[in-house]
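Colleague:
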Amino acid sequence: MPRTYKRPKGARTYQNYSGDLIDKVVQSIKDKELSLTKAASQYGIGKGALFNRVHGKTVLSPGRQTILSPVEEALIVKRTLQCSDYGFPLQPMDLRIIVKSYLDSEGRTIPMFSLNLPGPDWALSFIKRHNKTQPLDVAFFGPMKKAWKHVLEEFKVENPSLSIVNKHVFPKQVHQQAAGTLSKVQKEVPSPSSGTPTAGNTSDKVKPTPTKKLKTTARISATDEGSCTSTITKSSALKVGSFVITKVYVNNSSDKHRKYLATVEQSDETEVSVTFLHASESKTVFTVAKDDTASVEMKDICEIIDVSYKFNSREQYVFNAALDASL
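Positions in the sequence shown are counted from 1; adding 1 to them yields the working numbering.
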């Protein structure tokens, strides 16, 4: 966090009024609506400050001056908001990199910046200075929330006991209904302008890395936990976000396997991409393993779980009944 300056006791005070207020007062003085003395007394603004502004004298803010000029900072704010309008919100690190690139291109070296890269405190101070601009969470997530409002409403109807939509559940709900709502979303979410450098250019598009078949080693001695007769006969029976019990073979063995609870990310006629959940001793509480993903064959899906559950404060799924899954 930026350092919060605390004024020593007895030190002189600086302005405690907004720039908009003093601009309004200065305009009133220029229009002969108020005298300099009366304006200073009425609004609590120093006569010297009003005199300098009325006569066009440049008044610098106290303390160290900003690295970038007001014009340069205003331009960066404008470009940052344009990025959010295009659907690419920036983070403080992105802002720091933009400023570094700008300084390098101008041939300016700032000694207080390491390799010309502003620090985290500078970025947060920059945001604080421009607090009247629309926050990024509103500029970007506002249109997105509006576009996916119907998804949230349907989730609440299907899960009346849940007061909030968990961050792990929402993307799956969106992906599940994307096929039928794409045209509506395109109308709500801003698309990149044709004037942007990357518009229509797919040469730098990152290709998804194909998932590999999961290979695991059992935590305890592996034994065959019984046959698992697949109840899935059609790939259309699976939905994104569904809970399933799937077989995972131990040490590439064809007869020794374990059964794990997983959520469906995507599927086709032969394979299913899943994210595994770790079970507790009771086999009723499961935790999402964010990086534990794999592709399993459709024939290894044993069961689609249709048991009611709730989401606790520790971001765990709590089912009303024990599931047939390995620890």
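The C-beta atom is built at its ideal place from N, Cα and C for all residues, glycine as well.
(1) Would you mind sorting K7 into buried or exposed? The rule is 16 or more other CB atoms within 10 Å of its CB.
(2) By how many angstroms is the C-alpha of I246 removed from the C-alpha of E298?
(3) Please report the residue range of the beta strand (DSSP E) in which V275 lies.
(4) How would you label E155, buried or exposed, when you count the other beta carbons within 10 angstroms and need 16 or more for buried?
(5) Locate the alpha helix (DSSP H) running through K150, then write down its first and last residues.
(6) Buried or exposed for T110, going by 16 or more other Cβ atoms inside 10 Å?
(7) Under a Cβ-count criterion, where at least 16 other Cβ atoms within 10 Å of its own Cβ denotes burial, should D301 be classed as buried or exposed?
(8) Could you tell me which residues DSSP puts in a beta bridge with E298?
(9) Relative to the C-alpha of V265, which residue among F277, A290 and H258 is closest?
(10) Can you check whether the CB of Q267 is closer than 8 Å to the CB of V241?
(11) Excluding five sequence neighbours on each side, which residues of the same chain lie with their C-beta closer than 6 Å to the C-beta of V100?
(12) Span of the alpha helix (DSSP H) holding Y87?
(13) From the DSSP secondary-structure annotation, give me the bridge partner or partners of T285.
Modeller: In short:
(1) So K7 ends up on the exposed side.
(2) Rounded to whole angstroms, E298 to I246 spans 12 Å at the Cα level.
(3) For V275, the uninterrupted beta strand (DSSP E) run begins and ends at E272 to A280, by DSSP.
(4) Exposed, since its Cβ has fewer than 16 Cβ neighbours within 10 Å.
(5) Where K150 is concerned, the enclosing alpha helix (DSSP H) stretches over K150 to E159.
(6) It counts as exposed.
(7) That one is buried.
(8) Per DSSP, E272.
(9) In terms of Cα proximity to V265, the closest of F277, A290 and H258 is F277.
(10) A contact, by the Cβ cut-off of 8 Å.
(11) Around V100: P119.
(12) Note, Y87: premise wrong, no alpha helix (DSSP H); not H, not E.
(13) Beta-bridge pairing links T285 to no other residue.
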